[in-house]
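Engineer: The structure is given below, and queries will be raised subsequently.
Numbering (the working numbering), first residue to last: 1466 to 1796.
What follows is the structure, encoded as structure tokens:
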């Protein structure tokens, strides 16, 4: 069931169908398996059969969350979005603390262009899960799409002041917002202010290093990455060195880039960033096989990492292996 659910979320319908079939072959009445099968039907456009299965499960268990979701999806697919939202509200009257149904409701309300209702659902989510920073980021993104930039900034500022979450995602989102709205100088000022309050927030330093590099302020980018290397611990130090190596390569200091890269790989042979930079060095030196090998090593812990795939594709292309280059791009 978990495998099928993950496959469905990732759009791998054949794998999801195999999992659902394995459940139903031995447990034909299993409600979760039947609903998984119905969700696959819905994704494939077989709305009628999905509706029948969802209704049959809801007759047995009116509070089956996934069956409710499929029934809502059926209504939406039929253009009856108002009824879909009403059905969610009826279900929430009994499943008062349910978060996934509220998330589904958000999608439908935004589709219906009901901004006040969207904001109301986010406020409910804040009360149900006050430490979940993703809801604050998502609301700020919604305000952005509505062109209400003042409200977006206010949501992020309030979340930082309330110390919501501890991953640094709120702070990064806030600095990215300031950068996009008011430019590098404003983002720099706000990042420096936050770093005085949160000196261990290395994610902010990495973000500012990227912004400095994008604006050709390479000395500042190097300074900030140097701060990461000096103040961080563990793998973050290696990440800082790999980022600095990439910056050195971009500024055509190949020797320094190579030295930093090898230093990181000596400590962590499969470090993604370091192997990526090593691959770029090989690419510049027309060492195609080595570039491909380094790119593939960078992809071991994340086979869908786009920069690594592009590196492999370019190396194959330079080598004249067009089919393999296309395969990497298709990946």
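Glycine included, every Cβ here is placed at the ideal spot set by N, Cα and C.
Kindly list the residues whose CB is nearer than 7 Å to the CB of residue 1528, restricted to its own chain and excluding five residues on each side of it in sequence; keep chain order.
Structural biologist: Excluding residues within five positions, the ones whose Cβ falls inside 7 Å are 1559, 1560.
Engineer: Skipping 5 residues on each side, what residues in its chain have a beta carbon closer than 7 Å to that of residue 1485?
Structural biologist: 1469, 1498, 1501, 1502, 1505.
Engineer: Hey, out of 1471, 1466, 1791, 1534, whose CA is closest to residue 1492's CA?
Structural biologist: The residue with the shortest Cα to Cα distance from residue 1492 is 1466.
Engineer: Taking C-alpha atoms, which residue in 1663, 1728, 1721 lies nearest to residue 1702?
Structural biologist: Selected option, being the one with the closest Cα: 1728.
Engineer: Please give the ranges of any alpha helix (DSSP H) in the region 1709-1751, keeping only runs that are unbroken, at least 4 residues long and fully inside the region.
Structural biologist: Entirely contained in the region 1709-1751, the alpha helix (DSSP H) runs reaching 4 residues are, in chain order, 1719-1732, 1737-1749.
Engineer: Taking only runs of the beta strand (DSSP E) that begin and end inside the region 1499-1523, which ones reach a length of at least 3 residues, in chain order?
Structural biologist: Within the region 1499-1523, no complete beta strand (DSSP E) run reaches 3 residues.
Engineer: Can you tell me whether DSSP reads residue 1770 as helix, strand or coil?
Structural biologist: Of the three classes helix, strand and coil, the one that applies to residue 1770 here is coil, per DSSP.
Engineer: Rounded to whole angstroms, what's the CA-CA distance from residue 1584 to residue 1610? Just pull it up for me.
Structural biologist: Whole-angstrom Cα-Cα distance: 13 Å.
Engineer: Using the C-alpha atoms, what's the distance from residue 1670 back to residue 1690?
Structural biologist: If you take the alpha carbons of residue 1690 and residue 1670, they lie about 7 Å apart.
Engineer: Could you give the residue range of the alpha helix (DSSP H) that holds residue 1529?
Structural biologist: Segment: none, residue 1529 is in no alpha helix (DSSP H) and carries neither H nor E.
Engineer: Within the continuous alpha helix (DSSP H) that includes residue 1765, where are the two ends?
Structural biologist: Where residue 1765 is concerned, there is no enclosing alpha helix (DSSP H), given that its DSSP letter is neither H nor E.
Engineer: Hey, would you say residue 1742 sits closer than 8 Å to residue 1761, going by beta carbons?
Structural biologist: No; because the gap between Cβ atoms is not below 8 Å, this pair is not in contact.
Engineer: Helix, strand or coil: how does DSSP classify residue 1632 here?
Structural biologist: DSSP places residue 1632 in coil when its eight states are reduced to three.
Engineer: Report yes if the CB atom of residue 1673 is closer than 8 Å to the CB atom of residue 1697, and no otherwise.
Structural biologist: No, Cβ-Cβ distance for residue 1673 and residue 1697 is not below 8 Å.
Engineer: Is it right to say residue 1581 is buried, meaning 16 or more other beta carbons lie within 10 angstroms of its own, or is it exposed?
Structural biologist: By the 10 Å Cβ count, residue 1581 comes out exposed.
Engineer: For residue 1576 and residue 1531, what's the separation of their Cα atoms in angstroms?
Structural biologist: Distance between the alpha carbons of residue 1576 and residue 1531 is about 21 Å.
Engineer: Do you know how far the Cα of residue 1754 is from the Cα of residue 1770?
Structural biologist: Their backbone Cα atoms lie some 19 Å apart in a straight line.
Engineer: Counting only the same chain and skipping the five closest in sequence on each side, list residues whose C-beta sits under 7 Å from that of residue 1686.
Structural biologist: Contacts found: 1674, 1677, 1678, 1712.
Engineer: How big is the Cα-Cα spacing for residue 1567 and residue 1792?
Structural biologist: Each residue's alpha carbon lies about 39 Å from the other.
Engineer: Shortest alpha-carbon distance to residue 1732 belongs to which of 1707, 1615, 1603?
Structural biologist: Among 1707, 1615, 1603, the Cα nearest to that of residue 1732 belongs to 1707.
Engineer: If residue 1635 sits next to residue 1602, beta carbons under 8 Å apart, how far is it from one beta carbon to the other, in whole angstroms?
Structural biologist: Yes, they are in contact, since the Cβ atoms of residue 1635 and residue 1602 sit about 7 Å apart, within 8 Å.
Engineer: How many angstroms separate the CA atom of residue 1688 from the CA atom of residue 1652?
Structural biologist: For residue 1688 and residue 1652, the distance between alpha carbons rounds to 16 Å.
Engineer: Please report the distance separating the alpha-carbon of residue 1519 from that of residue 1535.
Structural biologist: One C-alpha to the other measures close to 6 Å.
Engineer: Unbroken alpha helix (DSSP H) runs of length 4 or more, entirely within the region 1556-1598: which are they?
Structural biologist: Whole alpha helix (DSSP H) segments, 4+ residues: 1565-1576, 1580-1593.
Engineer: Only counting the same chain, and skipping five residues up and downstream in sequence, which positions put a Cβ closer than 6 Å to that of residue 1522?
Structural biologist: So the list reads 1496, 1499, 1500, 1529, 1532, once near-sequence residues are dropped.
Engineer: Relative to the C-alpha of residue 1476, which residue among 1483, 1508, 1787 is closest?
Structural biologist: It is 1508 whose Cα lies nearest to the Cα of residue 1476.
Engineer: Restricting to Cα atoms, I'd like to know which of 1490, 1542, 1487, 1488 is closest to residue 1514.
Structural biologist: Of 1490, 1542, 1487, 1488, the residue nearest in Cα terms is 1542.
Engineer: Could you work out which residue in 1562, 1563, 1512 is closest to residue 1545 when comparing CA atoms only?
Structural biologist: Of the candidates 1562, 1563, 1512, the one whose C-alpha sits nearest the C-alpha of residue 1545 is 1512.
Engineer: Can you give the Cα-Cα distance for residue 1794 and residue 1763, rounded to whole angstroms?
Structural biologist: Their backbone Cα atoms lie some 16 Å apart in a straight line.
Engineer: Nearest-angstrom Cα distance between residue 1682 and residue 1661?
Structural biologist: Rounded to the nearest angstrom, the two C-alpha atoms are 22 Å apart.
Engineer: When the Cα atoms are used, what is the spatial distance from residue 1833 to residue 1618?
Structural biologist: What is shown of the chain runs 1466 to 1796, which leaves residue 1833 out entirely.
Engineer: Use the C-beta contact count for residue 1775: other C-beta atoms within 10 angstroms, 16 or more gives buried, fewer gives exposed.
Structural biologist: Per the 10 Å Cβ criterion, exposed.
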